[in-house]
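Undergrad: To start, I am sharing the structure in question, which I have written as structure tokens.
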Amino acid sequence: MNWHAVRAIYLFEMARTKRTLLQSVLAPVITTTLYFVVFGSAIGARIPEVEGVSYGAFIVPGLIMLNLLTQSVSNASFGIFFPKFSRTIYEILSAPVSHFEIVLSFVGAAATKAVILSVIILVTATLFVPLRIEHPVWMIGFLLLTAVSFSLLGFILGIWADNFEKLQLVPLLIITPLTFLGGSFYSIDMLPAAWRTVSLFNPVVYLVSGFRWSFYGSGDVPVGVSLAMTLLFLTVFVALATWMLRTGYRLKP
753 MNWHAVRAIY LFEMARTKRT LLQSVLAPVI TTTLYFVVFG SAIGARIPEV
803 EGVSYGAFIV PGLIMLNLLT QSVSNASFGI FFPKFSRTIY EILSAPVSHF
853 EIVLSFVGAA ATKAVILSVI ILVTATLFVP LRIEHPVWMI GFLLLTAVSF
903 SLLGFILGIW ADNFEKLQLV PLLIITPLTF LGGSFYSIDM LPAAWRTVSL
953 FNPVVYLVSG FRWSFYGSGD VPVGVSLAMT LLFLTVFVAL ATWMLRTGYR
1003 LKP
């Protein structure tokens, strides 16, 4: 393992966050605050409790997951797309760095940034609603696994995309709608039986449910199923990202 190369790429990607601090950190925090004002105050006043938890506190795991998924995908996709766009990716591919080390570097940096932002949002949430975390170890586990899994997805999208429009296609048209419809702001048990069945085909439901369970001890699906789905995402995305690099998919001149 070439740890010097991994560290160099990782630190370079982390340094990019400092140059775009307003966009990378402040904007998501302001957006989350607005969610609390609109959903927590306006709508929460009409919905006193969901599953024994105040509505304002109930939506916190969903808000964190919404930001975690979008930021993981966006950071990782741009991180690998820009070197490909500027043709500097060939310097990395010709260096004595394995495909796994390249994936580890870019995905590790994207996941780190997404987790840091999630923690900031969690701290921000405590200013608006009283929170409790019944299973902190599981919460950290779900946070890390989800960040790594969807950073891998972003890495895959960054390699697949050949222009900036395609780079934003999946996050805007697939990830965000699935997250909103995945129980981020409601429990799928509140839906009619037919729509609840349809919701179970949404993979984000299992991520949000498992993460919410770590907070309040209850979820829309069993926590074991949520964990299994998260690990499945991780396994599939690792295999696909490594294959893309090994075959030079859309990287060859």
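With the working numbering applied, the sequence shown corresponds to residues 753 to 1005, in that order. From the three backbone atoms N, C-alpha and C, an ideal C-beta is built for every residue, glycine too.
Measure how close the beta-carbons of E886 and G969 come, nearest whole angstrom, since I'm counting them as under 8 Å.
TA: With a Cβ gap of about 5 Å, E886 and G969 count as contacting.
Undergrad: Do V855 and F907 have their C-beta atoms closer together than 8 Å?
TA: Cβ distance < 8 Å, so V855 and F907 count as in contact.
Undergrad: Once you ignore the five residues that flank A766 on each side, which residues in its own chain have a CB closer than 6 Å to its CB?
TA: The question names Ala, but residue 766 in the sequence shown is Met. Only A861 meet the Cβ criterion.
Undergrad: M981 lies in the alpha helix (DSSP H); which residues open and close that run?
TA: Looking at the DSSP string, the run of the alpha helix (DSSP H) that includes M981 is 975 to 999.
Undergrad: Considering only the alpha carbon of each residue, which of I761, T784, F764, R759 lies closest to S936?
TA: Comparing Cα positions, the closest option is T784.
Undergrad: Beta-carbon separation of I911 and I782 under 8 Å?
TA: Not closer than 8 Å, so no.
Undergrad: Give me the residue from L909, P955, Y807 with the minimum Cα distance to F791.
TA: For F791, the nearest C-alpha among the options comes from Y807.
Undergrad: From the DSSP output, which residues share a beta bridge with S901?
TA: S901 pairs with nothing; no bridge assigned.
Undergrad: Pop quiz: T822 and I940 are said to be a contact at Cβ under 8 Å. What is the actual Cβ separation, rounded to whole angstroms?
TA: So it is not a contact: roughly 21 Å between Cβ atoms.
Undergrad: Which runs of the alpha helix (DSSP H), 4 residues or longer, sit entirely within the region 857 to 918?
TA: Listed in chain order, they are 888 to 912.
Undergrad: Could you please give the first and the last residue of the uninterrupted alpha helix (DSSP H) stretch that includes V957?
TA: It spans 955 to 968 - the alpha helix (DSSP H) in which V957 sits, taken as one unbroken run.
Undergrad: So R948 is in the alpha helix (DSSP H); what residue range does that whole segment cover?
TA: Where R948 is concerned, the enclosing alpha helix (DSSP H) stretches over 945 to 951.
Undergrad: Grouping DSSP H, G and I as helix and E and B as strand, with all else coil, what is E801?
TA: The answer is strand: DSSP assigns E801 an E or B state.
Undergrad: Since A847 and A757 should fall inside the 8 Å C-beta cutoff, what is the C-beta to C-beta distance between them, to a whole number of angstroms?
TA: Between A757 and A847 the Cβ distance is about 7 Å, and since that is below 8 Å, they are a contact.
Undergrad: Does S824 come out as helix, strand or coil in the three-state DSSP assignment?
TA: In this structure, S824 counts as helix in the three-state DSSP scheme.
Undergrad: May I ask you to report which of helix, strand or coil DSSP gives S850?
TA: Of the three classes helix, strand and coil, the one that applies to S850 here is coil, per DSSP.
Undergrad: Buried or exposed: where does R839 fall if 16 or more other Cβ atoms within 10 Å of its Cβ makes it buried?
TA: R839 comes out exposed.
Undergrad: Between which residues of its own chain and T876 is the CB-CB distance below 7 Å, once the five residues before and five after are set aside?
TA: Same-chain partners within the cutoff: V781, T784, T785.
Undergrad: Any idea what DSSP makes of S939, helix, strand or coil?
TA: Correct three-state label for S939: coil.
Undergrad: Between the alpha carbons of I811 and L919, how many angstroms are there, rounded?
TA: Spanning the two alpha carbons is a distance of roughly 28 Å.
Undergrad: Measure the alpha-carbon distance for Y949 versus V977 and round it to whole angstroms.
TA: Before going on, a small fix: residue 949 reads as Thr here, not Tyr. Going from the Cα of T949 to the Cα of V977 covers about 15 Å.
Undergrad: Please report the residue range of the alpha helix (DSSP H) in which L930 lies.
TA: Unbroken alpha helix (DSSP H) run through L930: 928 to 932.
Undergrad: Tell me S829's beta-bridge partners as DSSP assigns them.
TA: None, per the DSSP bridge assignment.
Undergrad: Rounded to whole angstroms, what is the Cα-Cα separation between I761 and F858?
TA: Going by the C-alpha atoms only, they are around 7 Å apart.
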